[in-house]
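Residue numbers (my numbering): 3 to 314.
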């Protein structure tokens, strides 16, 4: 960890169950559970409901373990940033050592149990995902390069692949398309957040693109990545996991997303600050809906009769 100092409350009071649960990043966990479940259900192999439930539960626990390890490592910068200052460790509710032990214990349990409930490949992918988020992203990329979100986004993109592997025991093009959808969505999503969080990343010494390359360059990067994402998202409609429902959803969402990115790109920083980054905040909120509805459409296509197919 860096040398950034931070003040916490005393750890004399016993932490509540809610404090420990907050360490698991439940919001992130919910997205992991949803995309992993979509990956599992979109696969061309049915899974017994009990096995499916247990496997997704262990994926969720693994995601929570990653969150706890991330909060342990990032406690110093979390205390500096307004957005994260009330997390359990900087708020003095949980000690760093408690978070580390919880993260390590849940990591080992989730991987072992997924191997037993599903298969070794799925467990291996979960182990790699935890390692990638906790070590590659949190300990290395986040504090060393403005490409932290670009490369580190892979950690959040693995859940649908894991879900697919739970069902099939193997990987396929469709699984990697879902991976790519999340991977390309992550940079514009977080860069929009960085724009309206203003000095948070600068104060914490995190080399986010807004800090290293400036806000104008960040706006351009959001537009470029969005254009690439739009092509990928719409093109997915013509694959085995796509179809008319997905295509309709993708056309509407990507038209809105592209317009939002264009509006951000042409913004003058003084104007953006004067109206409290209204456009940037709207784009960020849309990005949350964007990913949920795309995967929701994939799920709908998977639930349709097999004869519906990919334009059958």
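Just so it is clear, CB atoms sit at the ideal spot from N, CA and C, and this is done for glycine as well.
Since this is a predicted model, take the numbers as computed values, not measurements.
**Asked** So residue 116 and residue 57 are in contact, right, with Cβ under 8 angstroms, and what is the actual spacing, rounded?
**Response** In the chain shown, the residue the question calls residue 116 occupies position 114. In the chain shown, the residue the question calls residue 57 occupies position 55. Residue 116 to residue 57, Cβ: 6 angstroms. Contact.
**Prompt:** Sorted by chain position, which residues of the same chain lie with C-beta nearer than 8 angstroms to residue 214's C-beta, five sequence neighbours on each side aside?
**Reply:** On the chain shown, position 212 is the one that residue 214 refers to. Contacts found: 148.
**Request:** Check whether the Cβ atoms of residue 92 and residue 101 sit closer than 9 angstroms, and answer yes or no.
**Result:** Taking the chain shown and counting its residues from 1, one reaches residue 92 at position 90. Taking the chain shown and counting its residues from 1, one reaches residue 101 at position 99. Their beta carbons are not under 9 angstroms apart, which means residue 92 does not touch residue 101 by this criterion.
**The alpha helix (DSSP H) enclosing residue 71, as first and last residue numbers** = Residue 71 sits at position 69 when you count from the first residue of the chain shown. Where residue 71 is concerned, the enclosing alpha helix (DSSP H) stretches over 51-75.
**Request:** Give a yes or no on whether the C-beta atoms belonging to residue 131 and residue 64 are separated by under 9 angstroms.
**Result:** Working through the chain shown from its first residue, we reach residue 131 at position 129. Working through the chain shown from its first residue, we reach residue 64 at position 62. Cβ atoms of residue 131 and residue 64: closer than 9 angstroms.
**Request:** Flag this pair as yes or no: are the beta carbons of residue 62 and residue 169 separated by less than 9 angstroms?
**Result:** Residue 62 sits at position 60 when you count from the first residue of the chain shown. Residue 169 sits at position 167 when you count from the first residue of the chain shown. In this structure, residue 169 does not lie closer than 9 angstroms to residue 62 by Cβ.
**Asked** Buried or exposed: residue 282, going by 16 or more other Cβ atoms within 10 Å of its Cβ?
**Response** Translated into positions along the chain shown, residue 282 becomes position 280. Residue 282 is buried by the Cβ-count criterion.
**Prompt:** Would DSSP call residue 191 helix, strand or coil?
**Reply:** Here residue 191 refers to the residue found at position 189 when the chain shown is read from its first residue. In this structure, residue 191 counts as helix in the three-state DSSP scheme.
**Asked** Do you know how far the Cα of residue 247 is from the Cα of residue 318?
**Response** Summary: the structure shown does not reach residue 318, with the chain confined to residues 3 through 314, and so no result is reported for it.
**Message:** In whole angstroms, give me the CA-to-CA distance for residue 289 and residue 16.
**Reply:** By 1-based counting over the chain shown, the position of residue 289 is 287. By 1-based counting over the chain shown, the position of residue 16 is 14. If I take the Cα positions, the gap works out to 38 angstroms.
**Buried/exposed call for residue 311, threshold 16 Cβ in 10 Å** = Along the chain shown, read from residue 1 onward, the residue named residue 311 stands at position 309. Here the model assigns residue 311 a pLDDT of 49, short of 50, so the residue's position is not dependable and the matter cannot be decided.
**Message:** For residue 31, count the other beta carbons within 10 Å of its own beta carbon; 16 or more makes it buried, fewer makes it exposed. Which is it?
**Reply:** Taking the chain shown and counting its residues from 1, one reaches residue 31 at position 29. By the neighbour-count rule (16 or more Cβ atoms within 10 Å), residue 31 is buried.
**Whole-angstrom distance between residue 181 and residue 159, CA atom to CA atom** = Within the chain shown, numbered from 1, the residue matching residue 159 stands at position 157. Within the chain shown, numbered from 1, the residue matching residue 181 stands at position 179. Each residue's alpha carbon lies about 5 angstroms from the other.
**Request:** Give the C-beta separation of residue 234 and residue 183 to the nearest angstrom, bearing in mind that I take them to be a contact with Cβ-Cβ under 8 angstroms.
**Result:** Walking along the chain shown from the start, residue 234 turns up at place 232. Walking along the chain shown from the start, residue 183 turns up at place 181. Yes, they are in contact, since the Cβ atoms of residue 234 and residue 183 sit about 6 angstroms apart, within 8 angstroms.
**Request:** Answer with buried or exposed for residue 268, where buried requires no fewer than 16 other C-beta atoms within 10 angstroms of its C-beta.
**Result:** Numbered from its first residue, the chain shown carries residue 268 at position 266. It counts as exposed.
**Prompt:** Between residue 134 and residue 156, which are expected to be in contact by the criterion C-beta below 8 angstroms, what is the C-beta distance as a whole number of angstroms?
**Reply:** Counting from one through the chain shown, the residue named residue 134 turns up at place 132. Counting from one through the chain shown, the residue named residue 156 turns up at place 154. Going by Cβ atoms, the distance from residue 134 to residue 156 rounds to 6 angstroms, so yes, they are a contact pair.
**Request:** Determine, using beta carbons only, whether residue 41 and residue 209 come nearer to each other than 9 angstroms.
**Result:** Working through the chain shown from its first residue, we reach residue 41 at position 39. Working through the chain shown from its first residue, we reach residue 209 at position 207. Going by C-beta atoms, residue 41 is not nearer than 9 angstroms to residue 209.
**Beta-carbon proximity list for residue 95, same chain, < 6 angstroms, skipping 5 on both sides** = Position 93 of the chain shown holds residue 95. Taken in chain order, the residues that qualify are 17, 21.
**Request:** With a threshold of 16 other CB atoms inside 10 Å of the CB of residue 142, please say whether the residue is buried or exposed.
**Result:** Counted from its first residue, the chain shown places residue 142 at position 140. Exposed.
**Item:** Distance between residue 112 and residue 204 (C-alpha atoms, nearest Å)
**Value:** Counted from its first residue, the chain shown places residue 204 at position 202. Counted from its first residue, the chain shown places residue 112 at position 110. One C-alpha to the other measures close to 35 angstroms.
**Message:** Using only the alpha-carbon positions, how far apart do residue 271 and residue 300 sit?
**Reply:** Numbered from 1 along the chain shown, position 269 holds the residue referred to as residue 271. Numbered from 1 along the chain shown, position 298 holds the residue referred to as residue 300. Taking the straight line from one Cα to the other gives about 37 angstroms.
**Candidates 206, 125, 72, 260, of which the one nearest residue 227 by Cα** = Start at 1 with the first residue of the chain shown, and residue 227 comes out as number 225. Of 206, 125, 72, 260, the residue nearest in Cα terms is 260.
**Message:** Suppose you measure from the CA of residue 255 to the CA of residue 221; what does that come to, to the nearest Å?
**Reply:** As a working note, residue 255 is residue 253 in the chain shown. As a working note, residue 221 is residue 219 in the chain shown. If you take the alpha carbons of residue 255 and residue 221, they lie about 20 angstroms apart.
**Request:** Would you mind stating whether residue 136 and residue 105 have Cβ atoms separated by less than 9 angstroms?
**Result:** Translated into positions along the chain shown, residue 136 becomes position 134. Translated into positions along the chain shown, residue 105 becomes position 103. Going by C-beta atoms, residue 136 is nearer than 9 angstroms to residue 105.
**Message:** residue 238 and residue 179 - do their beta-carbons sit closer together than 9 angstroms?
**Reply:** The residue labelled residue 179 in the question sits at position 177 within the chain shown. The residue labelled residue 238 in the question sits at position 236 within the chain shown. Result yes, Cβ atoms of residue 179 and residue 238 sit closer than 9 angstroms.
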